[in-house]
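Undergrad: Line order of the protein sequences matches chains A and B.
Residues 1 to 337 (our numbering) make up the first sequence, in order.
Residues 1001 to 1326 (our numbering) make up the second sequence, in order.
Below you will find the structure I want to go over with you.
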Amino acid sequence: MAEFSAGEEGKNRKILEIKNLRTHFHTKAGPLKAVDGLSYHVYKGESVGVVGESGCGKSISAMSVLRLIPNPPGEIVSGEILFNGQDLLKLTEQEMREIRGNRIAMIFQEPSASLNPVLTVRRQLSETLELHRGLDKKQSLEESIRLLKQVGIPDAERRVHDYPFQFSGGMQQRIMIAMGLSCKPELLIADEPTTSLDVTIQAQLMELIDDLRRTSGISVIIITHNLGLVARYVDRVNVMYTGRLVESCSTQQLFDGPAHPYTSALLASVPRLDSPRKKSMRVIKGLPPDLTRLPSGCSFHPRCESAMDICRKEIPPLEHIAGDHYCACFFDHGKYL
Amino acid sequence: MENERILDVENMSKFFPIASGGGAFRRKTADLRAVDGISFHIMKGETLGIVGESGCGKTTTGRCVLRLYDNIKGTVSFEGTDLTKLGAEQARRARREMQMIFQDPMASLDPRMTVGKIIGEPFRAHGEPERKDEIAELFRMVELDPNMAGRYPHEFSGGQRQRIGIARALALRPKFIVCDEPVSALDVSVQAQIIALLEGLREELGLTYLFIAHDLSVVRHISDRVAVMYLGKIVEITRSDELYSNPLHPYTLALLSAVPIPNPRLDRQRRRVMLSGDVPSPVNLPRGCRFNPRCPKRASGLCSEVEPELKPLSPGSDHWVACHHA
Chain A
1 MAEFSAGEEG KNRKILEIKN LRTHFHTKAG PLKAVDGLSY HVYKGESVGV
51 VGESGCGKSI SAMSVLRLIP NPPGEIVSGE ILFNGQDLLK LTEQEMREIR
101 GNRIAMIFQE PSASLNPVLT VRRQLSETLE LHRGLDKKQS LEESIRLLKQ
151 VGIPDAERRV HDYPFQFSGG MQQRIMIAMG LSCKPELLIA DEPTTSLDVT
201 IQAQLMELID DLRRTSGISV IIITHNLGLV ARYVDRVNVM YTGRLVESCS
251 TQQLFDGPAH PYTSALLASV PRLDSPRKKS MRVIKGLPPD LTRLPSGCSF
301 HPRCESAMDI CRKEIPPLEH IAGDHYCACF FDHGKYL
Chain B
1001 MENERILDVE NMSKFFPIAS GGGAFRRKTA DLRAVDGISF HIMKGETLGI
1051 VGESGCGKTT TGRCVLRLYD NIKGTVSFEG TDLTKLGAEQ ARRARREMQM
1101 IFQDPMASLD PRMTVGKIIG EPFRAHGEPE RKDEIAELFR MVELDPNMAG
1151 RYPHEFSGGQ RQRIGIARAL ALRPKFIVCD EPVSALDVSV QAQIIALLEG
1201 LREELGLTYL FIAHDLSVVR HISDRVAVMY LGKIVEITRS DELYSNPLHP
1251 YTLALLSAVP IPNPRLDRQR RRVMLSGDVP SPVNLPRGCR FNPRCPKRAS
1301 GLCSEVEPEL KPLSPGSDHW VACHHA
């Protein structure tokens, strides 16, 4: 958990604050509301998880932060994305380029798809170093080697001249992390960084990201569907469903007593190493809805076991329930009244 | 569980030749030892899980068991018949009883066929008439609406496609199914649905599964016994409860500790074993124990000299492990 203290001035300073973000895609079937009224924040030095199933908008919200949404068909319809107090949505494309990769870096799921196959690792690393940090050729080579060593690539002096295909998947993801860190960003967004990797490699990489956060005070957003990773590496969790936040709380709160029926169903539907083997998993009925045809009211109500009349009519707002715990559910609001 | 072995695999190996050079100079230069002399059995009605990281040979094992490859060394006996000795046509007939469910349902369903046709294909492949009522029954078994038979795979979600793949595998009423990462591509909530379906079908139809997956929690949940593979070898095999409560091979230990438990307090108390480096290439295997370059224990010189044998902990024990220091 958060052992890092960013000094008194840094503590509790919001490095990122997303307010009421709406990112829609225009499709033949009408507007697809990938992200629809999302708000959350990240403190300095904190590690925040964004959890949900495919199509819940977790990746789109991260790409919206970097303004990487292809337009058309996508569009950030409204909202604010405050990075150190500055609204990223108001910046020009030129100003945004200064932020991307430089102050906010992103690591994607598929490292082999994000690395250029025809350029050596050195070329790809030094490109950002020369562009953003103004290093010359010699300096950028030295810095590239230092970065590769930092992310644990053995024999970095020689390997820096290799092409991506000469590295294994885990090593490629290390290179992605090295690239992400090359400009000393304040915020690192990792979008399913270890989904395509084996468990032992996943553990190595998550430890690496966590170490970097503790030692350099960088803030991290981890986007994942893996609740185990959340338990181990995240301070605070945001659970998304159909483009909205359904629950936001500290990691311990999430696992001790989730408030939203979706969160508790999600937790109960994974087989776990720590529960009796034959314990049956709870199955969530049905599928996440089609985003162009969302059900009325709370979008989870057709799958919810506690759905009431009001759930079919009104969308529950995200409300404060205790401490740092927020939940968007009428059933739960009632419980805490 | 009946006391009868449905599948008996003895010293099975599958090597893939690596060739280099071109034209007349093309020569076999090495072997990729995907599966390197493994033995195991599966009892009737039992589920055996195979876990391991990519490249450990778990998928090749599943395919060898169905004899989807030629040139398999060793024996693979299914209900007493050695599949490796059969000709192609005999093997095809023997495979009626054995089916496979694949990881990626989109890649394993023909996009130009309606799902009704897809599910009926096994009948055609084995020269049997397609019976409408039987196909409708298969839809029902996987909890799909038979009225959707006229639709195409792309009209279904990932979980529904996996159900279609399962219905196709069930068409000829097999006794044994190899499930190769059947839930890895699915979302958490859908994954639980498919696991519950596979468990239900096992009870209802008395099926035997070979369940291959990299997710240790899923394998533990569904399997009676579990084999851990590393670089083409089984390093540990035992009952599911025993493997997870008393792992003896250092690789099993590392694999288990790499999986975070969804409970922060418990997770922090667990012993963590970190492995360094990647899995070595199955073309240039390390000398001695295959795991020794990454092993956190590496207790003696023996490890880098002699390959440990898979043997029972004590005579008669069902816990087998291949480590000099277990």
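Even for Gly, the Cβ is constructed at its ideal location relative to N, Cα and C.
Find out if the Cβ-Cβ distance for the pair B:P1174, B:Q1090 is shorter than 7 Å.
TA: no
Undergrad: By DSSP, does A:K184 sit in helix, in strand, or in coil?
TA: Residue state, collapsed to three classes: coil.
Undergrad: Would a C-beta distance cut-off of 7 Å place B:L1144 and B:R1163 closer than the cut-off?
TA: It is a contact, given that the beta carbons lie within the stated cut-off.
Undergrad: Please list, in chain order, all residues of the same chain as B:V1218 whose beta carbon is under 8 Å from its beta carbon, the five residues on each side excluded.
TA: V1183, Q1191, I1195
Undergrad: On the three-state DSSP scale, how would you describe B:A1322?
TA: Correct three-state label for B:A1322: coil.
Undergrad: For the beta strand (DSSP E) containing A:A163, name the first residue and the last one.
TA: What sits at residue 163 of chain A in the sequence shown is Tyr, not Ala. No beta strand (DSSP E) contains A:Y163, which DSSP labels as neither H nor E.
Undergrad: Any idea what DSSP makes of B:N1147, helix, strand or coil?
TA: helix
Undergrad: At the level of alpha carbons, what is the spacing between A:N238 and A:L267?
TA: Take the alpha-carbon of A:N238 and the one of A:L267: they are about 14 Å apart.
Undergrad: Just to confirm the assignment, what range does the alpha helix (DSSP H) spanning B:I1101 have?
TA: It is not in any alpha helix (DSSP H) - B:I1101 instead sits in the beta strand (DSSP E) that spans 1098 to 1101.
Undergrad: Please list, in chain order, all residues of the same chain as A:L141 whose beta carbon is under 8 Å from its beta carbon, the five residues on each side excluded.
TA: R122, S126, V160
Undergrad: In terms of residue numbering, what span does the beta strand (DSSP E) encompassing A:K19 cover?
TA: 14 to 27
Undergrad: Answer with buried or exposed for B:M1274, where buried requires no fewer than 16 other C-beta atoms within 10 angstroms of its C-beta.
TA: exposed
Undergrad: Would you kindly report the start and end of the unbroken beta strand (DSSP E) that includes A:H41?
TA: 30 to 43
Undergrad: Please tell me whether A:H225 has its Cβ less than 7 Å away from any Cβ of chain B.
TA: It does: the Cβ of A:H225 has a partner Cβ on chain B nearer than 7 Å.
Undergrad: Strictly under 7 Å for the Cβ-Cβ distance: is A:E53 near chain C by that measure?
TA: As a matter of chain content, chain C is missing from the structure shown, whose protein chains are A and B.
Undergrad: Can you tell me where the alpha helix (DSSP H) with A:C249 in it begins and where it stops?
TA: From DSSP, A:C249 is part of no alpha helix (DSSP H) but of the beta strand (DSSP E) over 244 to 250.
Undergrad: For B:C1303, tell me which candidate among B:D1008, B:R1290, B:E1242, B:K1058 has the shortest Cα-Cα distance.
TA: B:R1290
Undergrad: Using a C-beta to C-beta distance shorter than 7 Å, which residues of chain B count as neighbours of A:F255?
TA: P1262, N1263, P1264
Undergrad: Take A:E319 and list the residues in its own chain whose beta-carbon comes closer than 8 Å to its own, dropping the five residues that flank it on each side.
TA: Y326, C327, A328, H333
Undergrad: Need the endpoints of the beta strand (DSSP E) that B:Y1069 sits in, please.
TA: Careful: B:Y1069 lies outside any beta strand (DSSP E) and carries neither H nor E.
Undergrad: Would the beta-carbon of A:T194 fall within 7 Å of that of A:L205?
TA: Yes, these two residues count as a Cβ contact at 7 Å.
Undergrad: Within the continuous beta strand (DSSP E) that includes B:A1176, where are the two ends?
TA: Residue identity check: residue 1176 of chain B is Phe in the sequence provided, not Ala. Where B:F1176 is concerned, the enclosing beta strand (DSSP E) stretches over 1176 to 1180.
Undergrad: Kindly indicate if chain A contains any beta-carbon less than 7 Å away from that of B:R1220.
TA: yes
Undergrad: Is the shortest distance between the beta-carbon of B:A1196 and the beta-carbons of chain A less than 7 Å?
TA: yes
Undergrad: Run down chain B in chain order and give the residues with a C-beta less than 8 Å from the C-beta of A:Q341.
TA: Outside the shown range of chain A (1 to 337) lies residue 341 of chain A, about which nothing can therefore be said.
Undergrad: What are the boundary residues of the alpha helix (DSSP H) that includes A:A105?
TA: Careful: A:A105 lies outside any alpha helix (DSSP H), inside the beta strand (DSSP E) at 104 to 107.
Undergrad: In terms of alpha-carbon separation, which member of A:D290, A:Y163, A:Q172 lies closest to A:V118?
TA: A:Y163
Undergrad: Given a cut-off of 7 Å, decide if B:L1210 and B:V1178 are closer than it, judged by their beta-carbon atoms.
TA: With a cutoff of 7 Å on beta-carbon distance, B:V1178 and B:L1210 are scored as near each other.
Undergrad: Would you give the residue range spanned by the alpha helix (DSSP H) that A:I310 belongs to?
TA: 309 to 313
Undergrad: Name the residues in the region 258 to 284 of chain A whose C-beta lies less than 8 Å from a C-beta of chain B; which are they?
TA: Those residues of the region 258 to 284 of chain A that come within reach of chain B (Cβ to Cβ, closer than 8 Å) are A265, L266, L267, S269, V270, P271, R272, L273, D274, R277, S280, M281, R282, V283, I284.
Undergrad: Short of 7 Å in beta carbon distance, which residues of its chain neighbour B:K1297, apart from the five on each side in sequence? Order them along the chain.
TA: P1250, H1325
Undergrad: Using CA coordinates, which residue listed in A:R67, A:V234, A:S64, A:I218 is at the minimum distance from A:T224?
TA: A:V234
Undergrad: My output table needs one value for B:D1267: the three-state DSSP class, helix, strand or coil.
TA: helix
Undergrad: Just to confirm my understanding: we take A:I76, look at its own chain, exclude 5 residues before and 5 after, and list those with CB closer than 8 Å. What are they?
TA: L21, R22, T23, S64, R67, I69, L89
Undergrad: Do three or more CB pairs link the region 1164 to 1171 of chain B to the region 1028 to 1041 of chain B at distances below 8 Å?
TA: Short answer: they don't touch.
Undergrad: Looking only at its chain, what residues have a beta carbon closer than 8 Å to the beta carbon of B:I1331, apart from the 5 residues adjacent to it on each side?
TA: Any answer about residue 1331 of chain B is impossible in this case: the structure gives chain B only from 1001 up to 1326.
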